[in-house]
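S.K.:
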Amino acid sequence: MTKYVEAIDNKDWNMLDEVFTEGAFLDYESSGGPDGKGDSPTIKKWLQKNLSIFP
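Residue numbers for the sequence shown follow our numbering, so the first one is 11 and each next one is one higher.
#1: Determine the burial state of residue 118: buried for a count of at least 16 other Cβ atoms within 10 Å of its Cβ, exposed for fewer.
#2: Do you know how far the Cα of residue 12 is from the Cα of residue 57?
#3: Below 8 Å on the Cβ atoms is my contact criterion, and I expect residue 50 with residue 30 to pass it. Report the Cβ-Cβ distance as a whole number of Å.
#4: Report buried or exposed for residue 17, applying the criterion of at least 16 other Cβ atoms within 10 angstroms of its Cβ.
#5: Assuming residue 38 is part of the alpha helix (DSSP H), what are its boundary residues?
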């Protein structure tokens, strides 16, 4: 969990590869993420795009 927060806070999207296991599916739909569960690369792109508005 700590590594996830560090990656998000530092906008180190590649660090998320160390957090999510290969083949992981993540559900960010309630936050406006991709419909259903997205794979790790899809969620990484979505996080990068949508969190870029925050300093």
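Note that CB positions come from ideal geometry on N, CA and C, so glycine has one too. This one's a predicted model, so the numbers in the text were calculated from it and none came from an experiment.
M.R.: In this structure, then:
#1: Outside the displayed range of the chain (11 to 65) lies residue 118, so it cannot be described from this structure.
#2: For the purposes of this step, residue 57 is taken as residue 47 along the sequence shown, with counting starting at 1. For the purposes of this step, residue 12 is taken as residue 2 along the sequence shown, with counting starting at 1. About 17 Å.
#3: As a position in the sequence shown, residue 50 is number 40, starting the count at 1. As a position in the sequence shown, residue 30 is number 20, starting the count at 1. That pair is a contact at about 4 Å.
#4: On the sequence shown, residue 17 is found 7 positions in, with the first residue counted as 1. Under this definition residue 17 is a buried residue.
#5: In the sequence shown, counting from the first residue as 1, residue 38 sits at position 28. Looking at the DSSP string, residue 38 is not in any alpha helix (DSSP H), and its letter there is neither H nor E.
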